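Visitor: Here the protein sequences come in this chain order: P and S. All residue numbers for the first sequence refer to the working numbering, where the first residue is 43 and numbers rise by one. All residue numbers for the second sequence refer to the working numbering, where the first residue is 62 and numbers rise by one. Quick reminder that beta carbons are idealized off the backbone N, C-alpha and C, glycines included. Keep in mind that this is a model prediction, so the values were computed, not measured. Got a structure for you, written out below as C-alpha cells; questions coming shortly.
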Amino acid sequence: MSAIIEINGLTKQYGDFTALDHLELNIEEGAVFGFIGPNGAGKTTTMRILTTLLKPTEGEARIGGYSVSEDPNEVRRLIGYMPDFFGVYDDMRVWEYLDFFAACYDIPEAVRKGMIGDLLDLVDLGSKHDEMVESLSRGMKQRLCLARTLAHDPKVLILDEPASGLDPRARIEMRELLRELQNMGKTIFFSSHILSEVADICTDIGIMEAGKLVAYGDIEQMRQQLQVSRLIQVRMIGDTVPLKDLLMVHDKVDSITDGREIELTPDIVRFDFTGDDEELSQLLLRLIENKIQIISFSEEVGDLEDVFMQATQGVIN
Amino acid sequence: MWNFLRKVRSNPIYYREQGRWGEPNAYFATLMRYLPLILIVVLGLSVFCGSYQLTQFLGIGEAGGILFLLLCLPNIVIQVLTWIGIILAPALTAPSVVEEMDRGSWDILRLTPMPTMEIIVSKFLGSLSRLRIWWALLVVSVIYAIVVGLGTSALGAAASFFTSSGTDFQQTDGWQTVGVAVLTTTSTVMRPWLEIGFAGLVGLTLSLWTNSTRAALIGSYATIFVYRTIINTIVSAITIGLMFQFEYYAFAVGTGMFSLNLVYVISGAVLFALLRRRALAIDRGDLLHD
Numbered sequence: 043m044s045a046i047i048e049i050n051g052l053t054k055q056y057g058d059f060t061a062l063d064h065l066e067l068n069i070e071e072g073a074v075f076g077f078i079g080p081n082g083a084g085k086t087t088t089m090r091i092l093t094t095l096l097k098p099t100e101g102e103a104r105i106g107g108y109s110v111s112e113d114p115n116e117v118r119r120l121i122g123y124m125p126d127f128f129g130v131y132d133d134m135r136v137w138e139y140l141d142f143f144a145a146c147y148d149i150p151e152a153v154r155k156g157m158i159g160d161l162l163d164l165v166d167l168g169s170k171h172d173e174m175v176e177s178l179s180r181g182m183k184q185r186l187c188l189a190r191t192l193a194h195d196p197k198v199l200i201l202d203e204p205a206s207g208l209d210p211r212a213r214i215e216m217r218e219l220l221r222e223l224q225n226m227g228k229t230i231f232f233s234s235h236i237l238s239e240v241a242d243i244c245t246d247i248g249i250m251e252a253g254k255l256v257a258y259g260d261i262e263q264m265r266q267q268l269q270v271s272r273l274i275q276v277r278m279i280g281d282t283v284p285l286k287d288l289l290m291v292h293d294k295v296d297s298i299t300d301g302r303e304i305e306l307t308p309d310i311v312r313f314d315f316t317g318d319d320e321e322l323s324q325l326l327l328r329l330i331e332n333k334i335q336i337i338s339f340s341e342e343v344g345d346l347e348d349v350f351m352q353a354t355q356g357v358i359n
Numbered sequence: 062m063w064n065f066l067r068k069v070r071s072n073p074i075y076y077r078e079q080g081r082w083g084e085p086n087a088y089f090a091t092l093m094r095y096l097p098l099i100l101i102v103v104l105g106l107s108v109f110c111g112s113y114q115l116t117q118f119l120g121i122g123e124a125g126g127i128l129f130l131l132l133c134l135p136n137i138v139i140q141v142l143t144w145i146g147i148i149l150a151p152a153l154t155a156p157s158v159v160e161e162m163d164r165g166s167w168d169i170l171r172l173t174p175m176p177t178m179e180i181i182v183s184k185f186l187g188s189l190s191r192l193r194i195w196w197a198l199l200v201v202s203v204i205y206a207i208v209v210g211l212g213t214s215a216l217g218a219a220a221s222f223f224t225s226s227g228t229d230f231q232q233t234d235g236w237q238t239v240g241v242a243v244l245t246t247t248s249t250v251m252r253p254w255l256e257i258g259f260a261g262l263v264g265l266t267l268s269l270w271t272n273s274t275r276a277a278l279i280g281s282y283a284t285i286f287v288y289r290t291i292i293n294t295i296v297s298a299i300t301i302g303l304m305f306q307f308e309y310y311a312f313a314v315g316t317g318m319f320s321l322n323l324v325y326v327i328s329g330a331v332l333f334a335l336l337r338r339r340a341l342a343i344d345r346g347d348l349l350h351d
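So, in C-alpha cells, the structure goes:
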C-alpha cells in the first residue's frame, strides 16, 4: 500500500516557540493512525497543518499526493476534519445541519435527501432526523459532527480527540464507528490522550512530546524500538529452583519473580526478557533440554501505557 | 465582479444567514423583539426634530408646522428607515464570523471549497438582506429625490433670478442648475444605503478582528456613533463654509451631501480592502484562530 499522508520535516514556530519540530511521518492508505501525546505536544498543530488551516514554517505535508501548502483546495476535497470541539449549530435540526454542509460541498439537492438518511443511519442517529441539534447529548453531537465530515465522501478523516469528554458508552460507540469507517476503506488519523482507546483500534501509533515524534509504528514495533522488556510467565510441574537457576545465568533475563511473591500459585515463575523472538525460542528449547517440566510458556503483552511511559519523559512544551 | 456576486447569491452561507437553515443570529432575533419600541423611539425623534426645529427656524405656527411636516414626510420616513438600518445592521453582521469562531464551526466552513472572501461576503449580503426595509427605502428614496431635485432646481432658478436683480448671488445658468439638482438628488438617494451598508461593514470587520460577539457589537456601535458624529460635523462645517463662500445654497447643500457620501464610499472601500487582506491571510493559513 502507498502512503496517503506524507509528512517531511514539518516545523511550526510561533516566534521563539517551536510547536512542531521537524516531524517525519508516513501513513498508509486504509490505516487507522493514533496520534498520542500530552497537551501541548503538537498534535493539534500537526492536524491543523494537514487540514490546510495553518501554514507550516518549514517542511512539507502531502495528502493523496497534493501539497497542503500549494494545493489546499485539492487537499480539502480529500479530507474530512472534526475539530476538538465539534462545531455544530444548535439552532438547526439534525437533518438541516447535514443538508447545509452538503450544500456547501456543492452536493445537489436531489442527492442530499437520501445521503442524509444514510449518514444518520451510519452514525446511529436515524431516529433523531428532525430533532433540534441542541437537544442531542454530547456523544450524539460528536457522532453528528462525524457524519458531517463524511458528507463529501472524503478518503482521509482527521479527527481531533474524537472521544474526548464522552461517557464510557459513547466512547465504545465512537470506537465501533471508527472501526466501521475503517472497513469502508477510510484512512483515519486521530489524536487522543486515552491510550486504551488508541491501542484497541489503531493499526499504527505515533507518540508526540514537546513538538517531536518520539515513537512511531505499531505497538510491537514501538516496544522493540524502545526496548521495552517482555514479561514472560512460565508454569511448571515440580520445584521451581532449577528453572530459576537456569534463568539467572541467562544474560537477557532480568527480575525473576516467584509466583508466591506476586500472589499467584507457587508453580509460576515470571521474568523480564530483553531478547527477540529467536532468543526467546532458544531459551525455551534450553529449558526443555534441561528437563524442566513446562506446562505453559507465555508472554504477558505489555500495554500501551508501558510504551508511552517509556517513550515520553514528561516534557511539556 | 458580477460573477463573484452571482456565486455569492447562490452560496448556501448566504441562505443560511437569511434563516433558511435554522436561526443563525440570536442577537438579531432578540433585537427584533424590540423592533416596535425602536420604531416608536426613532419615529418620535425624527418627527420631533423635524417639526419643532423647522417651525422655530421658519417662524411658522402650528398649522404651518403640520403642513411642513407633511411636505417633509418622505424625509422623515427615510430618517426612520436609515436609523433602523444603522441600529440593526451591526446586530446582523457583527456576530456573523465571531460566533462561528466561538462555536468552532469557522474552521469547518473554511474547509469547504469556498474561499474565505466568498464566505465573508455571503455572510454580509445574506445577513443584510434580512433587513426588510430595502424596498421601502428604495421607493421613499426615489420620492424624496424628486422632491429634493425639484427643490434644488427651484432654488437654483431663484438664485439666477436674484442675481439678475442685482443681489450678491453668483450667476448660475441652466446647466449649472441641472448639475446641482442631479448632484443633490443622487447624493440624497445614495446616502441611507451607504450609511446602512457602512454600519454593516463596520460590524463585519470587527467580527473578523475581535474574539467575542459582545466586543464586536459594542465596538461597532461605538465606531459608528463616533464616526457619524465626526464626519457629519466636518461635512456640515464644509457645507456652511461653502454657503458663505459661494452664497449659493443649493450648490453648498449638494456638495455637502456628495462629500458625505464620498467619505462613506472611501471608508467602505478601505474596510473592504482590510477584509480582503484578512481573508487572503486566512486562506494562506497565516492566521491562527484558536
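The alpha helix (DSSP H) that contains E151 of chain P, what's its start and end?
Guide: Translated into positions along the first sequence, residue 151 of chain P becomes position 109. Start and end: 151 to 164.
Visitor: What are the residues of the segment 89 to 104 of chain P that lie near chain S, defined by any Cβ-Cβ distance shorter than 9 Å?
Guide: Those residues of the segment 89 to 104 of chain P that come within reach of chain S (Cβ to Cβ, closer than 9 Å) are R90, I91, T93, T94, L95, L96, K97, P98.
Visitor: Looking at L289 of chain P and I298 of chain P, is the spacing between their C-beta atoms short of 8 Å?
Guide: As a position in the first sequence, residue 298 of chain P is number 256, starting the count at 1. As a position in the first sequence, residue 289 of chain P is number 247, starting the count at 1. A contact, by the Cβ cut-off of 8 Å.
Visitor: Is the Cβ of E138 of chain P closer than 8 Å to any Cβ of chain S?
Guide: For this step, residue 138 of chain P is matched to residue 96 along the first sequence. Yes, contact with chain S.
Visitor: Can you list, in chain order, the residues of its chain whose CB lies under 7 Å from that of D242 of chain P, leaving out five sequence neighbours each side?
Guide: Position 200 of the first sequence, counting from 1, holds the residue named residue 242 of chain P. The answer, listed in chain order, is R217.
Visitor: For P73 of chain S, return the contacting residues in chain P, with the cut-off set at a CB-CB distance below 7 Å.
Guide: In the second sequence, residue 73 of chain S corresponds to position 12, counting from 1. Residues of chain P passing the Cβ test: F142, A145, C146.
Visitor: Just to make sure I have the definition right: I need the residues of chain P whose C-beta is within less than 7 Å of the C-beta of E84 of chain S. Which are they?
Guide: If you number the second sequence from 1, residue 84 of chain S lands on position 23. Chain P residues near E84 of chain S: D133.
Visitor: Are the CB atoms of I180 of chain S and L170 of chain S nearer to each other than 8 Å?
Guide: Numbered from its first residue, the second sequence carries residue 180 of chain S at position 119. Numbered from its first residue, the second sequence carries residue 170 of chain S at position 109. Contact flag set, yes.
Visitor: So L161 of chain P packs on V136 of chain P, CB below 8 Å; how close in whole Å?
Guide: Numbered from 1 along the first sequence, position 119 holds the residue referred to as residue 161 of chain P. Numbered from 1 along the first sequence, position 94 holds the residue referred to as residue 136 of chain P. At roughly 10 Å, the Cβ-Cβ gap does not stay under 8 Å, so L161 of chain P and V136 of chain P are not in contact.
Visitor: Return the chain-ordered list of same chain residues with a C-beta closer than 6 Å to the C-beta of R104 of chain P, the five sequence neighbours on each side being excluded.
Guide: For the purposes of this step, residue 104 of chain P is taken as residue 62 along the first sequence, with counting starting at 1. Excluding positions up to five away in sequence, the list reads E48.
Visitor: When you compare each of S:R77, S:M178, S:V324 to T294 of chain S by their alpha carbons, which one comes out closest?
Guide: Residue mapping note: residue 294 of chain S aligns to position 233 of the second sequence, counting from 1. The candidate whose alpha carbon is nearest that of T294 of chain S is S:V324.
Visitor: Tell me whether F222 of chain S is buried or exposed, calling it buried when 16 or more other Cβ atoms sit within 10 Å of its Cβ.
Guide: Within the second sequence, residue 222 of chain S is the residue found at index 161, counting from 1. For F222 of chain S, the pLDDT reaches just 48, beneath the cut-off of 50, and the residue's location in the model is therefore unreliable, although a value from the coordinates is still provided. When all chains shown are included, F222 of chain S counts as exposed.
Visitor: Run down chain P in chain order and give the residues with a C-beta less than 8 Å from the C-beta of S166 of chain S.
Guide: Here the question's residue 166 of chain S lines up with position 105 in the second sequence. Within 8 Å Cβ-Cβ: G129, V130, Y131.
Visitor: Comparing the C-beta of Q231 of chain S with each C-beta of chain P, is any distance below 8 Å?
Guide: Locating residue 231 of chain S in the second sequence gives position 170, counting from the first residue. Below a pLDDT of 50, predicted positions are generally treated as unreliable, and Q231 of chain S, at 49, falls in that range; the measurement from the model is reported next regardless. So, not an interface residue.
Visitor: DSSP three-state call for I247 of chain P: helix, strand or coil?
Guide: For the purposes of this step, residue 247 of chain P is taken as residue 205 along the first sequence, with counting starting at 1. Here I247 of chain P sits in strand by DSSP.
Visitor: Output the distance between the C-alpha atoms of D168 of chain S and L199 of chain S, rounded to the nearest integer angstrom.
Guide: Within the second sequence, residue 168 of chain S is the residue found at index 107, counting from 1. Within the second sequence, residue 199 of chain S is the residue found at index 138, counting from 1. About 37 Å.
Visitor: Just list the alpha helix (DSSP H) runs in the segment 183 to 207 of chain P, keeping only unbroken ones of 4 residues or longer that don't cross its boundaries, in chain order.
Guide: none
Visitor: Give, in chain order, every residue of the segment 169 to 190 of chain S whose Cβ lies closer than 8 Å to some Cβ of chain P.
Guide: I169, L170, R171, L172, T173, P174, M175
Visitor: Let me know the secondary structure DSSP gives N136 of chain S once reduced to three states.
Guide: Numbered from 1 along the second sequence, position 75 holds the residue referred to as residue 136 of chain S. Correct three-state label for N136 of chain S: helix.
Visitor: So M318 of chain S and T245 of chain S are in contact, right, with Cβ under 8 Å, and what is the actual spacing, rounded?
Guide: Against the second sequence, residue 318 of chain S aligns to sequence position 257. Against the second sequence, residue 245 of chain S aligns to sequence position 184. Sure, about 6 Å apart at Cβ, within 8 Å.
Visitor: In the DSSP output, which residue or residues are listed as bridge partners for L273 of chain P?
Guide: Here residue 273 of chain P corresponds to residue number 231 of the first sequence, with the count starting at 1. According to DSSP, which records beta bridges pairwise, L273 of chain P is partnered with P:D314, P:E342.
Visitor: How would you write the range of the alpha helix (DSSP H) that M93 of chain S sits in, first residue to last?
Guide: One-based indexing of the second sequence puts residue 93 of chain S at position 32. Segment 87 to 94, the alpha helix (DSSP H) holding M93 of chain S.
Visitor: What does DSSP give as the partner residues of S233 of chain P in its beta bridges?
Guide: In the first sequence, counting from the first residue as 1, residue 233 of chain P sits at position 191. Answer by DSSP bridge pairing, in chain order: P:F77.
Visitor: I'd like to know whether the C-beta of N225 of chain P is nearer than 8 Å to at least one C-beta of chain S.
Guide: Working through the first sequence from its first residue, we reach residue 225 of chain P at position 183. Not closer than 8 Å to any Cβ of chain S, the Cβ of N225 of chain P fails to qualify, so no.
Visitor: Run through chain P and tell me which residues come within less than 7 Å of G346 of chain S, C-beta to C-beta.
Guide: Stepping through the second sequence from its first residue, residue 346 of chain S is reached at position 285. Under the 7 Å cutoff, chain P gives T94, L95, L96, K97.
Visitor: How about D141 of chain P and W254 of chain S: do their beta carbons lie closer than 8 Å?
Guide: In the first sequence, the residue the question calls residue 141 of chain P occupies position 99. In the second sequence, the residue the question calls residue 254 of chain S occupies position 193. Contact: no.
Visitor: Who are the neighbours of N81 of chain P on chain S, taking C-beta pairs under 8 Å?
Guide: As a first step, residue 81 of chain P must be located in the first sequence, where it is residue number 39. In chain order: nothing, as chain S lies at least about 13 Å away.
Visitor: Tell me the DSSP bridge mates of Q224 of chain P?
Guide: Against the first sequence, residue 224 of chain P aligns to sequence position 182. Answer is none; Q224 of chain P lacks a bridge partner.
Visitor: Can E66 of chain P and G51 of chain P be called in contact, C-beta distance under 8 Å?
Guide: What you label residue 66 of chain P is simply residue 24 of the first sequence in a count that begins at 1. What you label residue 51 of chain P is simply residue 9 of the first sequence in a count that begins at 1. Yes, Cβ-Cβ distance for E66 of chain P and G51 of chain P is below 8 Å.
Visitor: With 8 Å set as the bound, which would you pick, yes or no: does the beta-carbon of I77 of chain S sit closer than that to a beta-carbon of chain P?
Guide: Translated into positions along the second sequence, residue 77 of chain S becomes position 16. Inspection of the sequence shows that residue 77 of chain S is occupied by Arg rather than by Ile. Yes, R77 of chain S counts as interfacial toward chain P.
Visitor: Measure from the alpha carbon of A212 of chain P to the alpha carbon of each residue in P:L326, P:L237, P:Q184, then state which is nearest.
Guide: One-based indexing of the first sequence puts residue 212 of chain P at position 170. Answer by Cα proximity: P:Q184.
Visitor: Where does L102 of chain P fall in DSSP's three states?
Guide: What you label residue 102 of chain P is simply residue 60 of the first sequence in a count that begins at 1. Checking the sequence shown, residue 102 of chain P turns out to be Glu, not Leu. In this structure, E102 of chain P counts as strand in the three-state DSSP scheme.
Visitor: Quick one: what's Q335 of chain P bridged to in DSSP?
Guide: Here residue 335 of chain P refers to the residue found at position 293 when the first sequence is read from its first residue. Beta-bridge annotation (DSSP): Q335 of chain P is not paired with any residue.
Visitor: So is N115 of chain P in contact with chain S if we call contact Cβ pairs under 8 Å?
Guide: Taking the first sequence and counting its residues from 1, the one referred to as residue 115 of chain P is at position 73. Output row for N115 of chain P: interface = yes.
Visitor: Taking only beta-carbon atoms, is A220 of chain S less than 8 Å away from chain P?
Guide: Position 159 of the second sequence, counted from the first residue, corresponds to residue 220 of chain S. Residue confidence for A220 of chain S is low, a pLDDT of 49 falling below 50, so the modelled location carries little weight; the figure read from the coordinates is stated next. No, because no Cβ of chain P sits closer than 8 Å to the Cβ of A220 of chain S.
Visitor: Specify the secondary structure class of G317 of chain S as computed by DSSP and reduced to three states.
Guide: By 1-based counting over the second sequence, the position of residue 317 of chain S is 256. If DSSP states are grouped into helix, strand and coil, G317 of chain S belongs with the helices.
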